[in-house]
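Each remark here refers to the structure printed beneath this line.
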Amino acid sequence: MIKFENVTKAYPDGTVAVDGLNLEAPTGKLTILVGPSGCGKTTSLRMINRLIEPTSGTIYLDDQPTSGMDAALLRRRIGYVIQHAGLFPHRTIVDNIATMPLLLGENPKKAKMRALELMERVGLPASFEKRYPWQLSGGQQQRVGVARALAADPAFMLMDEPFSAVDPVVRAQLQDEFLRLQKEIGKTIIMVTHDIDEALKLGDQVAVMRVGGHLAQMATPSELLTAPADDFVADFVGRDRGYRSLGFTDSSGAVDIREEAFVQLGAPAEEARSKASGAWVLVVDSNRKPLGWAQPERIAVEVRREDLNLSGTSASSAGTMRQLLDAALSSPSRRGVVVNSSGELLGTVTATDVIKAIEAEPHLETAR
């Protein structure tokens, strides 16, 4: 647990970065600090490991005030991930990751083995161990940064906009991988971001801060979307709150999945025409995994990859209402593809099916 108790940070020129902050980050959960520039979120984060000293108030790690701890020893108890990874350019990847265990006096051989284990855990091949940071992409460097923060197995982690310096595709991948990793390791994490979408996606709870260092609202992502505390929070979260809240609504069993005829890639044009519903037929591979939609009248001899329309997304049967609705709306046939946990076709849903389920069960259980 990380706890702020009436914490204030004021500077000699009179600027108040954080004003009377009271906040608790539960053990094993990911708490996000989000807000506009100047709201004090990064200052709050840096006061935890005392890179910035509070003017007043107390910060606790598991009921122990940080003010009474040796600052260097405190920082060695806390994993820290920053933008651009902050790697040592003169050290190899494995040596970067092993930095903290070596500082703590761990056997070099054991520290290297731990570093190699973490490389695998964050999705880096062992062949990267002797490379240098400049030889890696931005996304790969961020993975190294996360691995380094985990190397000493800290109970606490601080993350300052860790995914903001990479392109949107890589960023989404890193977010998904980090969620998977957090489910395995269960660290107590506080992360700073300026991106409300990232906060809603990653956070177990989200602290929205306003300029002047005041906490506007602390809530779960679904609560922020459905019950913002005031106009500031409502505006910051965005106008499409109703649609986005569906991303936290469990769809399991709520929507009837329709049986959908399909053909395999390479099927004769005649078979595709006979199984089409309307202007489209669904195409799958030999493992019954959806590949895309095809228009039979445009197929000359057999279904080829060039015939496929790839615009539609697919949704997991154990996913959210938003994923189901997106699958239906993005599909050229207006039938959203639903798959099981192995990616195999179960059937399809329409937007009407999803909306009817929402109207019938307005308080569907949240998915987180």
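With this note's numbering applied, the sequence shown covers 1 to 368. Note that the Cβ used here is the ideal one computed from N, Cα and C, for glycine as well. Note that this is a predicted model, so its numbers are computed, not measured.
CB-CB length for residue i against residue j, believed under 8 Å
| i | j | result |
| --- | --- | --- |
| G347 | V354 | Rounded, the Cβ-Cβ distance is 13 Å, inconsistent with contact. |
| I32 | M157 | Their Cβ separation, rounded to whole angstroms, is 13 Å, which puts I32 and M157 out of contact at 8 Å. |
| L202 | L181 | About 11 Å; that fails the 8 Å criterion. |
| L225 | R241 | 5 Å |
Option nearest residue i by Cα separation, candidates the options
| i | options | result |
| --- | --- | --- |
| G212 | K29, T42, G278 | T42 |
| T8 | G312, D167, L45 | L45 |
| E161 | P101, G35, L150, Q182 | G35 |
| F248 | R171, R114, M321 | M321 |
| I299 | D167, P268, S342, E120 | P268 |
| L174 | L124, V16, A318, P101 | L124 |
| Q205 | L329, P26, A10 | P26 |
| T55 | H90, C39, D19 | D19 |
| A85 | P133, R335, G319 | P133 |
| L116 | L103, D230, V144, G138 | V144 |
| E259 | I358, R335, I97 | R335 |
C-beta contact flag for residue i and residue j at 8 Å
| i | j | result |
| --- | --- | --- |
| Q142 | F128 | no |
| L215 | L30 | no |
| I190 | V237 | no |
| R148 | T99 | yes |
| K187 | A152 | no |
| V301 | L291 | no |
| I82 | R131 | no |
| G343 | K275 | no |
| V303 | L329 | no |
| I59 | M47 | yes |
| F262 | L324 | no |
| K245 | S222 | With the sequence shown as reference, residue 245 is identified as Ser, and Lys is not the correct amino acid for it. In this structure, S222 lies closer than 8 Å to S245 by Cβ. |
| P372 | R114 | Only positions 1 to 368 of the chain appear in the structure, and residue 372 is not among them; the question remains open. |
Helix, strand or coil at residue i according to DSSP, with G and I counted as helix
| i | result |
| --- | --- |
| Y243 | helix |
| N287 | coil |
| V166 | coil |
| L104 | coil |
| Q64 | strand |
| F88 | coil |
Chain C contact for residue i (CB, 8 Å cutoff)
| i | result |
| --- | --- |
| L136 | Here chain C cannot be found, since the structure has a single protein chain. |
- [ ] Any chance you could list the beta strand (DSSP E) runs of at least 3 consecutive residues sitting entirely within the segment 187-263, in chain order?
- [x] Entirely contained in the segment 187-263, the beta strand (DSSP E) runs reaching 3 residues are, in chain order, 188-193, 205-210, 214-219.
TODO: Please specify which runs of the alpha helix (DSSP H), each continuous and at least 4 residues long, are wholly inside the segment 281-361, giving them in chain order.
DONE: You should have 321-330, 351-360.
Task: Within the segment 6-44, ranges of the beta strand (DSSP E) (whole runs, at least 3 residues) - done: Within the segment 6-44, the complete beta strand (DSSP E) runs of at least 3 residues are 16-25, 30-34.
- [ ] Taking only runs that begin and end inside the segment 131-159, name each unbroken alpha helix (DSSP H) of 4 or more residues, in chain order.
- [x] Fully enclosed alpha helix (DSSP H) runs of 4 or longer: 138-150.
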